[in-house]
Structures are given as structure tokens and as C-alpha cells.
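Please read the structure below before turning to the comments.
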Amino acid sequence: MDHQQATERIILQVASFIRHEMPIRLAHRIQDLDRVPLMRDMPSVKMVKETYINSFLGLVDMPKINTLDDEDKFAKTLERLYEKHSNILIQMARGAFELREAVRLGHIEGIMPKKGSFEQMDECHEFLDRFYTSRIGIRVLAGQYLALRGEPLTNYVGIICSNTSPHELVQHAINDARMMCTRKYGDAPDVDVLGRLDLTFPYVPAHLHYMLLELLKNAMRATMDKHEFSNDIPPVTVIISDGTDNEDVVIKIADEGGGIPRSNMKKIWSYLFTTADPSIQESFIAGSDFSTDSPLAGLGVGIPICRAYARYFGGDLDIMSMEGFGTDAFIYLQRLGQSREPLPL
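Letter 309 of the sequence shown, counting from 1, is numbered 775 in the numbering used here, and no numbers are missing.
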């Protein structure tokens, strides 16, 4: 068997696995979307459920993959669904916004329209954790398969880069965050990057960039809010830590933006909590997805989704704050291949 035949055989095997696995994952989420209290009645959540049902029906009707022609047809179908699902994250964020508004206006029976009441909706929080973790898994499976079919890139196997450089991704995220911060405030803090600048390890660069950008946005916004009219804006500091005996690669993002009140520390992990002005949220959800055109603060899903990304590959996200001074965020990253996928039921 030559290299071409071996590659084709692998692609057929991967396609067959995804054809079997993807409808199962979609079916679990459809059931979850149907059962979750309160959120299932939100218009945007109903739209997400309809998208998942249509995707499930489209995949479950696909014939078994026995030939390269079968595989090509399947890949084209999956690629269309992959694009169709690209705005699911923003749609679910709209659903959370709609729930907040329903609670605020007293439209939900049994829920008092008092400030913060939605933050105690444990079933909704647990549902959103399952949903977003599952979405990451679905996107990874589909994205990896579709990338394997394309032209191979140096140091890449699908969407996985064998020598991901945290320093390079930090620099890209700094540039994006500074552009967004400057657009809002007219200026942005400097960022000092220290530690293992030469480090590389296997990871998905797009996931790490998302986490870094969200945390740098938060750090810059807090810094500018506290020091906007100061002649001396303190820098944000990023430290990349790794050693031969380290269990994880750790990235610390530290700011002097005044910190987070202790009463809000638990709330920052909620998909239903945001400190952004409602008018900003409304303008944000009118867009199609998250990008560098987004405001520095908006839907309140950035931090919990960052943690979901980190945990998906066996890592974690932790945040420590000193109110009156600043906040330290720690991203813990396991090297790929050292953990199992945390599949939600």
C-alpha cells in the first residue's frame, strides 16, 4: 500500500467515524435543549434547537461511506453544516440575554425580577456548561477532519500544531486587544511578556488565541477604566511558565485594573452574568459572531467559555483578584495527548 492509498484509507475511516458519531452528539444536545427549564422557551434557543435538528436529519440520512465519492459528498455536507453552526455561540448568547431580560421584566413566573436572580439558575448554568463543551467537541471533530482533507501545512496535523508557540499567539492577541481597546479609549496599556518565550508544544492555536484574547481584553478594559485619565497607565503583564517537570504549561495575565469585588467572584463563571451596559449587549447580539469588531465587554460568556476551552483538553482557568489593585488570570494547558475528551451526557 503506497502513501496515497494509506492516506485515502485513513480519510475514509475518519469520515465513517464522524458520520456515526456526529448524529449521536447532536441528538444528546437536542434532548438537552428540549429539557432545560426557562432557556428552552427563549426564541434564540428555539432557533438553535431547530438548527441542531436539521443538522441531525441531514447527517443521519447520509449513506454509509464506502468509496471516495461517498466520502467527498459527506465532506461537502459536513462543511456546509460546519459553516451553518459558526454562529451558534452568538445565538446561545442571545438566548441568555433574552432570559436576563425576561427575568428583569418579571415575565417568568416564580422568578423574582430582582437584580442577580438569574445568576442562581443552576440548571441553566449546568446546561450551558454541557452545551458549550459539547459544541467545542463537535467543532474539533469536524474541523480536524475537514483540515485533514486539505493541503498539509508545515507542523500541522489537521487543526493541531505540533509546535504551537504561546509567545507568538500572545503577540497576536495583544495586537488584536490593543486595536479594540484603542478604538474605545483612544489608548491601550503596554503589555510586558516574560518567561519561556522560546516554548513550543502541541496544541490547537485557534483555541489558545481565543482564550488569550478574551483575557487580555478584560485586563486592558479594567486597566483603562481605572487609569484612563492617569498620566501613567500601568502595563498588563503576561508570564509564560514551563519546565521539564511541570505538569502544565501555565500562562499568567496580570493587570492593575482595580480587581473584582469578592461578591462577584462566583458570578464571573456564569454564562448569565455581565457588567456591560444593556445597550452594548443589544448592539453586540445584532452581529453574527465574535471578532475584533466586537466591543471590549458584551455578553458575559467570554470567561466561562475560556474555561470550557481549557478544560476540554485537560487544562483549566483560574482567576484571583485583589480588590482595589488588580486581577491575575491563570491558564493551565495540558499538552495534547495527555487527557481524554470530557464528553457531557
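A virtual CB, placed ideally from N, CA and C, is assigned to each residue, including glycine.
Residues of its chain near residue i, where Cβ-Cβ distance is below 6 Å and the 5 sequence neighbours each way are ignored
{"i": "A481", "result": "I531, E537 and F540"}
{"i": "D708", "result": "R662, L665 and V715"}
{"i": "Q610", "result": "G624 and I625"}
{"i": "A568", "result": "I574"}
Span separating the alpha-carbon of residue i from that of residue j
{"i": "L492", "j": "R566", "result": "26 Å"}
{"i": "L792", "j": "I785", "result": "It is worth fixing the name first, because residue 792 is Gly in this sequence and not Leu. Cα-Cα distance, rounded: 11 Å."}
{"i": "L678", "j": "T599", "result": "18 Å"}
{"i": "D507", "j": "F593", "result": "14 Å"}
{"i": "S612", "j": "V514", "result": "Before going further, note that residue 612 is Leu rather than Ser in the sequence given. So the alpha carbons of these two residues sit roughly 23 Å apart."}
{"i": "I640", "j": "D782", "result": "21 Å"}
{"i": "F597", "j": "R495", "result": "7 Å"}
{"i": "D698", "j": "R644", "result": "17 Å"}
{"i": "L534", "j": "E474", "result": "8 Å"}
{"i": "E516", "j": "V606", "result": "22 Å"}
{"i": "C627", "j": "V636", "result": "16 Å"}
{"i": "Y651", "j": "H469", "result": "55 Å"}
{"i": "M690", "j": "I519", "result": "44 Å"}
{"i": "E807", "j": "I574", "result": "36 Å"}
{"i": "M487", "j": "V767", "result": "Checking the displayed sequence, the identity of residue 487 turns out to be Glu instead of Met. Their Cα atoms are separated by approximately 27 Å."}
{"i": "P810", "j": "Q479", "result": "24 Å"}
{"i": "Y676", "j": "H638", "result": "11 Å"}
{"i": "P618", "j": "R662", "result": "28 Å"}
{"i": "P761", "j": "T740", "result": "Below a pLDDT of 50, predicted positions are generally treated as unreliable, and P761, at 48, falls in that range; no measurement from the model is reported."}
{"i": "K512", "j": "V704", "result": "40 Å"}
Buried or exposed by the 16-neighbour rule on C-beta atoms within 10 Å, applied to residue i
{"i": "K550", "result": "exposed"}
{"i": "D527", "result": "exposed"}
{"i": "T620", "result": "exposed"}
{"i": "F779", "result": "buried"}
{"i": "R501", "result": "exposed"}
{"i": "S552", "result": "exposed"}
{"i": "A672", "result": "exposed"}
{"i": "G723", "result": "buried"}
{"i": "G616", "result": "exposed"}
{"i": "F695", "result": "exposed"}
{"i": "P632", "result": "buried"}
{"i": "D711", "result": "exposed"}
Residue i vs residue j beta-carbon contact at 8 Å
{"i": "A688", "j": "D721", "result": "yes"}
{"i": "C772", "j": "E634", "result": "no"}
{"i": "M587", "j": "L504", "result": "yes"}
{"i": "K683", "j": "M646", "result": "yes"}
{"i": "A685", "j": "V702", "result": "yes"}
{"i": "A608", "j": "L738", "result": "no"}
{"i": "I625", "j": "V670", "result": "yes"}
{"i": "D794", "j": "K718", "result": "yes"}
{"i": "I706", "j": "L665", "result": "yes"}
{"i": "I477", "j": "L614", "result": "yes"}
{"i": "R601", "j": "I554", "result": "yes"}
Chain-order list of residues whose beta-carbon lies under 8 Å from that of residue i (same chain, five-residue window excluded)
{"i": "T648", "result": "A654"}
{"i": "T543", "result": "G524, L525 and M528"}
{"i": "F522", "result": "P489, L492, A493 and I496"}
{"i": "A472", "result": "none"}
{"i": "L547", "result": "S521, G524, L525 and A608"}
{"i": "M731", "result": "I785 and S787"}
{"i": "Y622", "result": "A613 and S628"}
Supposed close pair residue i, residue j - CB separation, criterion 8 Å
{"i": "E789", "j": "P700", "result": "Not a contact, Cβ separation roughly 16 Å."}
{"i": "S510", "j": "E564", "result": "6 Å"}
{"i": "I769", "j": "I734", "result": "5 Å"}
{"i": "A776", "j": "L799", "result": "7 Å"}
{"i": "S736", "j": "H591", "result": "6 Å"}
Contacting residues, own chain, Cβ-Cβ under 7 Å from residue i (five flanking each side not counted)
{"i": "F667", "result": "T630, V715 and R801"}
{"i": "E545", "result": "L612"}
{"i": "G582", "result": "Reliability of the predicted coordinates at G582 is poor, the pLDDT of 48 falling under 50, and the value obtained from them is presented with this limitation in mind. Cβ within range, chain order: n/a, list empty."}
{"i": "D498", "result": "F593, R596 and F597"}
{"i": "G725", "result": "S787, M788, E789, G790, F791, G792 and T793"}
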